[in-house]
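With the first letter of the sequence shown counted as 1, position 38 gets the number 1042 in the working numbering; the numbers rise by one all the way through.
Each residue gets a CB set at the ideal place from its N, CA and C atoms; glycine is no exception.
If you're wondering where the values come from, they're calculated on a predicted model, not measured in any experiment.
Some notes on the structure that comes next.
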Amino acid sequence: MKISVCIPVYNFDVRSLVFELKKEIHDQKIDAEIILIDDASDGNFIEINNELQDQVEQFVFLEKNIGRSRIRNLFLKHTRSNYLLFLDCDVQIDNNYFLANYLKEIAKDKGVEVIYGNFKIDPAYSQTLRNRYSVDKEIFSVERSSDLELLKTVNFIIKREVFEKFPFNEDLKNYGYEDFVFAKTLEFAKMKFLAIQNPVIHFDDTSNEVFLSKTKTAIDSLFQLSQDPGNERFINDIKVYKVAKNIVNLKMRSLFLFIYNLMENRMMKNLRSKNPNLKYFDLYKLALLLRKMK
């Protein structure tokens, strides 16, 4: 059974990740190919990763950044396998049987169509707002689950025929919620899903300030989605959207924003600090969305 390891690359040194994958492929005699697509990284990262061109089956360099959804869909044009394993570029492999674990799960149940392996946080960055949020909201602790809401795009394998039928929504051009919409699409199509403990280590050194800015972009994306009634079923289960809708329906939007504005400076100071409060972060997202809603 051949698998294609698909790594979208943007401004990150992926040499260590590729060499770890190649070592397992060699040691475990796994039939796999590694495909890299660089999404118009800065020149210094292109130079760093350029040495991998003869280490992988394909290394595609894009001249223009096309975003997180389109670049993942693009792998269909550059792969041959029946299974595509997607990894974010800023991860490292956590065990010597990472690929083998996925293959073992597929062999046990040929009917499974999507498997998600989870992720861990590198301890060096564990106290940042971004990674506190991951630990609190995104990383799961159970051994196995069929709940598609657990799916994140950091580390998952999918049948080619399923991905061809249900690609990422390319209307989502900017950061935010593409994994949630993708998971909901698979859920509505009743795809057979499995979440297991086969994690990668996520090296996310995003500062609190940058993460707050990226969160604003994500809320912008969510609001744009909400403007199309056809997207309602995809976003109805997003907590911040549900709460914001309820506040608007209860005609309490102005009151909430008035109170939030009184507290905003103190909360933002905390969110930029070394000990950010996730409850303040929830309020920050809610206020961003309510400021856009009428």
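- Between V1204 and L1292 a beta carbon distance of about 30 Å is seen, past the 8 Å cut, so the two are scored as non-contacting.
- A contact between stretches requires three or more CB pairs, one per stretch, nearer than 8 Å, and the segment 1183-1199 meets this requirement with the segment 1115-1134.
- Ranked by how close their Cα comes to the Cα of S1211, the residues K1249, E1174, S1130 and I1251 have S1130 in first place.
- Taking K1081 as the centre and dropping the five residues before and after it, the same chain places no C-beta closer than 6 Å to its C-beta.
- By the criterion of a C-beta distance shorter than 8 Å, V1139 is surrounded in its chain by I1125 and S1130, once the five residues flanking it on both sides are discounted.
- As computed with DSSP, D1042 is found in a beta bridge with V1013 and F1065.
- Taking every protein chain shown into account, the CB of A1128 has fewer than 16 other CB atoms within 10 angstroms, so this residue is exposed.
- Looking at E1153, V1244 and T1132, the one whose alpha-carbon comes closest to that of E1142 is E1153.
- When DSSP reads this structure, L1091 sits in a beta bridge with N1159.
- In this structure, E1109 is the residue among D1286, V1060, E1109 and I1011 with its C-alpha nearest to the C-alpha of R1148.
- Within the same chain, N1105 and G1121 come within 6 Å of N1202 by CB-CB distance, once the 5 residues on both sides are set aside.
- In this model, T1221 and Y1181 are separated by some 10 Å (Cα to Cα).
- With fewer than 16 other CB atoms across the displayed protein chains lying within 10 angstroms of its CB, F1023 is exposed.
- Around the beta carbon of N1053, 16 or more other beta carbons sit within 10 angstroms, so the residue counts as buried.
- In the same chain as V1247, and ignoring 5 residues on each side of it, the C-beta atoms closer than 8 Å to its own belong to L1290, in chain order.
- Under DSSP, V1247 takes part in no beta bridge, so it has no partner.
- By the Cβ neighbour-count rule, S1008 is buried, with 16 or more other Cβ atoms within 10 Å of its own.
- For the 8 Å CB-CB criterion, I1239 and L1229 form a contact.
- Each of Q1096, R1134 and D1151 was checked against the Cα of S1020, and the nearest Cα belongs to Q1096.
- DSSP, reduced to helix, strand and coil, places S1149 within a strand of the structure shown.
- Your pair A1193 and F1227 does not check out as a contact, with CB atoms roughly 26 Å apart and the cut at 8 Å.
- For V1214, the three-state secondary structure derived from DSSP is helix.
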